[in-house]
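Have a look at the structure below before the remarks.
Protein chains: 2
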Amino acid sequence: MLVEGKEMRSLWWDDTLKLIDQRKLPFQLKIFEASSVEKVAYAIKKMVVRGAPAIGCAAAYGMALAEDKEKAARMLKRTRPTAHDLFYAVDYMTENEGRIEAAHRYVEDIVEKCRKIGEIGEKLIKHGSRILTHCNAGALATVDWGTALAPIRMAKDKEIFVWVDETRPRLQGLLTSWELKQEGIKHAVIADNAAGYFMKEGEVDMVIVGADRIASNYDVANKIGTYEKAVLAKENGIPFYVAAPISTFDESISDGKKIKIEERDAEEVTKIFDYLPPEIRNPAFDITPAEYITGIITEKGIIKP
Amino acid sequence: MLVEGKEMRSLWWDDTLKLIDQRKLPFQLKIFEASSVEKVAYAIKKMVVRGAPAIGCAAAYGMALAEDKEKAARMLKRTRPTAHDLFYAVDYMTENEGRIEAAHRYVEDIVEKCRKIGEIGEKLIKHGSRILTHCNAGALATVDWGTALAPIRMAKDKEIFVWVDETRPRLQGLLTSWELKQEGIKHAVIADNAAGYFMKEGEVDMVIVGADRIASNYDVANKIGTYEKAVLAKENGIPFYVAAPISTFDESISDGKKIKIEERDAEEVTKIFDYLPPEIRNPAFDITPAEYITGIITEKGIIKP
C-alpha cells in the first residue's frame, strides 16, 4: 500500500515485530513495537492490529517470538474470538515449530493471496462503478493489498467512487478513507444509517466487504452492521460481494448460528459522547446468511453460495 | 414528561418563548430564550428545538412574536425543509393573524394529540415487549408525551425494554435515553449497526418510530436510517409502527420520492472525529416506503398502509 507516496505494509519483521498502530490512524502514523509474544497478544487484544488476516500474521510472528510455544498458542488464541485466521495461523506455526521462516512464509502467502483476490475481484468492477464498503478490509487489515480493498485498488483507473460507511462503534471507515486517500481513490464517508438511503437512490452499484470467519454453508461473520447492509443490498438488487482468503473458511462450523459473537466494552460506544446510558450493548460482529451474498471473492476464484 | 422528578415540557410560553436547549442534552439541562421571530428561526435551524411537532409549536410562537407576519412566515418556512408541521403551523398562524392565543391553542392541541397517540399505541404493546426506536420522537420532539415514545411511556408498567439506536450523525438516541432514564424505563443504547443484529437474534418484538412528513400513499420521511431499520424489521417479521399526528400527513405529496431530502453540514458527521475525509455526505432523512410499515399510529386511530 502507499503511505505518503511510499510502499509500506501494515506490519513487518525488523528483528522484532513492527506494526502501524491502527488505534492512532487516521490522525497519526505511529509504529508499535512488539518484542515478545505478550506484546503481540496485547496488540491483538487492544486492536493495535486488527482485521482477520493481519491478526493472523501478527500471531504468526508472536509464535516465532515465544520461547514456550504451547503457552504462546494458548495466550494468542485467547485474545479475540472471531477471526478464524488467528487460530489458523497459530496452528500453522505449531506445526512448523514456531520458526521465524514459517512466519515469513505465512505472511508472504497472505500478501500473495490478497493480490490474487484483487486480480480476480477487479474483473467484477465496471468502469465508473460506485462501490460501498463497510469497516476496513484494506491493507491495514491484511498486511498489504487488503481483501475488499484489493479489487478496488486494482480498479483505480476505472474512475470508480467508493462509499465508505464510517462503521460505528470503532469508526474503522476512517481507516478505509485514509487508505483510499493515500491511493488517490475518490470516496465519501457516510454515517452507517445513510448506506440504505444511497442504495435506494440508485447511487450504489455494488458492495464489497471483508470477512472474519466463513462457515461451511457460506454464512459470513464480519463487523457489526454487515448483515444490515447485505439485507439492504438484496432489497435494492445490488450485488453484495465478500472478499476473503480461503483461510477465513472454517469447515468445522456448519452455519453462522454456531459462530460465537464477541461483545466488546461499552466504552467503545460511549467514548465519543460524554454520557453514560444505563446500559450499552456492543456486539462487535454479526452474521450475514449466505442467501444475501452474491459471491465470495477468494484467491482461488469466486465462490457463489 | 418527567425531568428530575418534576413535570416539564420541552418548550413553553413565559412572556417570551422558552425552550430546553436540545443541543446541550443529555449533558446539561439549559434553557434557551427566544424573544423574537429571528431567534425562533435560529433555534429551529440550529436544532435548539428539533422533532417535527416541536418545530411546529416553536414556529407558532415565532409567528406570535413577529410584527410583520408575512415576513415572519417566509423566514420560518426557510429554516428546515422536511418537517411538515412547520409549514402547517405557520399557515395556521397566518389564518389566525398570528395571535398568541392561537399559538397556545396549537400547542395544547399537539400535546393532546400526542397523549391520544400514546393511548392508542399502548394497546399494541404486550407485557414484556422489547421495543426498538430510532432517533428521538419523545417529549423533547413534541412538547410533551412524544409520538413514538408516548405509547412506550404509557406502557411503562408492562415491564418493557427499549432498544435505543444511538442515531448517528447527531446521536439523538441519547435524547431518547435521557427521557427514558427520567421515566425509569429500562433500555440499552446500541450502535445503529447493531439494530439488525438484535432483530435477527430475536431480541426485538416491535419497532416504533416517529415521522417528519407522510405522503398521501403513506411513505414516511423520517431521520436517516429509518428506512434501513424498516427493511430489516420486515425481513425479520417484526411489526414496524410509525407514530405521528395527522398534521404530519402532507396530502399535496403523492409519494415519498417527491419529498425533498435535506442534506446537512459535513461537520455533523466529522465533529466526533478530528479527521477530514475528502468528502462527507450527510442526508438527514430518508423515505420508508409504505410497504414496510405495519401501521401508522395517529391520534385518530391506527392507519394500515
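Chains as they are written, first to last, in numbering that gives the first Met the number 0: chain A, 0 to 304; chain B, 0 to 304. Think of the CB as a built atom: it goes at the ideal place given N, C-alpha and C, for glycine as much as any other residue.
Confirm, please, whether the CB-CB distance from residue 154(A) to residue 209(A) is below 8 Å. Contact: no.
To the nearest angstrom, how far is it from the Cα of residue 13(A) to the Cα of residue 90(A)? 23 Å
Along chain A, which residues have their Cβ under 7 Å away from the Cβ of residue 122(B)? Ordered by position in chain A, no residue passes the 7 Å Cβ test against residue 122(B), which lies about 27 Å from the chain.
Once DSSP output is grouped into helix, strand and coil, what is the label at residue 291(B)? Reduced to three states, the DSSP call for residue 291(B) is helix.
Using DSSP with H/G/I as helix, E/B as strand and the rest coil, what is residue 11(B)? strand
Quick test of the definition: if touching needs 3 or more C-beta pairs under 8 Å, does the stretch 54-67 of chain A touch the stretch 30-37 of chain A? yes
Residue 271(A) - DSSP class collapsed to helix/strand/coil: coil
Roughly how many angstroms separate the alpha carbons of residue 174(B) and residue 173(A), rounded to a whole number? 26 Å
Should residue 245(B) go down as buried or exposed, given a rule of 16 or more other Cβ atoms within 10 Å for buried? exposed
Cβ contact check for the stretch 263-273 of chain B and the stretch 177-184 of chain B: 3 or more pairs under 8 Å: no
So, are the CB atoms of residue 9(B) and residue 161(B) less than 8 Å apart? The answer is no: Cβ separation not under 8 Å.
Indicate whether the contact test is met: 3 or more Cβ pairs, each with one atom in the stretch 180-194 of chain B and one in the stretch 120-128 of chain B, closer than 8 Å. no
Can you give me the start and stop residues for the alpha helix (DSSP H) that residue 103(B) sits inside? 99-121
Using DSSP's beta-bridge definition, name the partner residues of residue 17(A). 11(A), 32(A)
For residue 5(A) and residue 72(A), I'd like the C-alpha separation in whole angstroms. 34 Å
Taking 8 Å as the CB-CB limit, is residue 126(B) close to chain A? no
Quick check on residue 238(A) - is its C-beta less than 8 Å from some C-beta in chain B? no
For residue 279(A), which residues of its own chain have a beta-carbon under 7 Å away from its beta-carbon, when the five flanking residues on both sides are left out? Taking C-beta separations shorter than 7 Å and ignoring five residues to either side along the sequence, the partners of residue 279(A) in its chain run 265, 268, 269, following chain order.
Applying the 10 Å Cβ sphere with the 16-neighbour rule, what's the burial state of residue 171(A)? buried
Assign residue 67(A) to one of two classes, buried (16 or more other C-beta atoms within 10 Å of its C-beta) or exposed (fewer than that). exposed
If contact means a Cβ-Cβ distance below 8 Å, which residues of the stretch 189-201 of chain B contact chain A? 189, 190, 191, 192, 193, 194, 195, 196, 197, 199
Looking only at its chain, what residues have a beta carbon closer than 6 Å to the beta carbon of residue 53(B), apart from the 5 residues adjacent to it on each side? 9, 140, 141, 142
Chain A partners of residue 217(B), CB-CB under 9 Å? Those within 9 Å of residue 217(B) in chain A number zero; the least Cβ separation is about 17 Å.
Quick check on the burial criterion: 16 or more other C-beta atoms within 10 angstroms. Buried or exposed for residue 277(B)? exposed
For residue 134(B), collect the residues of the same chain with a Cβ closer than 6 Å to its Cβ; drop the 5 residues on either side in sequence, then sort them by chain order. 166, 171, 222
Does DSSP put residue 79(B) in a helix, in a strand, or in coil? coil
Between the Cα of residue 293(B) and the Cα atoms of 240(B), 214(B), 253(B), which residue gives the shortest distance? Ranking the options by Cα distance to residue 293(B), first place goes to 240(B).
Pick from 106(A), 151(A), 168(A), 183(A) that is closest to residue 11(A), judged by C-alpha positions: 106(A)
CB residue 231(A) to CB residue 227(B), shorter than 8 Å? yes
Assumed close pair residue 1(B), residue 48(B) - CB separation to whole angstroms, cut-off 8 Å: Wrong, their Cβ atoms sit about 19 Å apart, outside the cutoff.
For residue 82(A), which residues from the same chain have a beta carbon less than 6 Å from its beta carbon, with the 5 sequence-adjacent residues on both sides left out? 51, 54, 211
To the nearest angstrom, how far is it from the Cα of residue 260(A) to the Cα of residue 288(A)? 14 Å
Cross-strand partners of residue 282(A) (DSSP beta bridge): 262(A)
Selected residue, minimal CA-CA separation from residue 41(A), among 79(A), 130(A), 207(A): Considering only alpha carbons, the answer is 79(A).
Against chain A: residues of the stretch 177-188 of chain B by CB proximity under 9 Å: 177, 179, 180, 185, 186, 187, 188
Between the Cα of residue 296(A) and those of 62(A), 200(A), 23(A), 213(A), spot the shortest distance and give me the residue it belongs to. 213(A)
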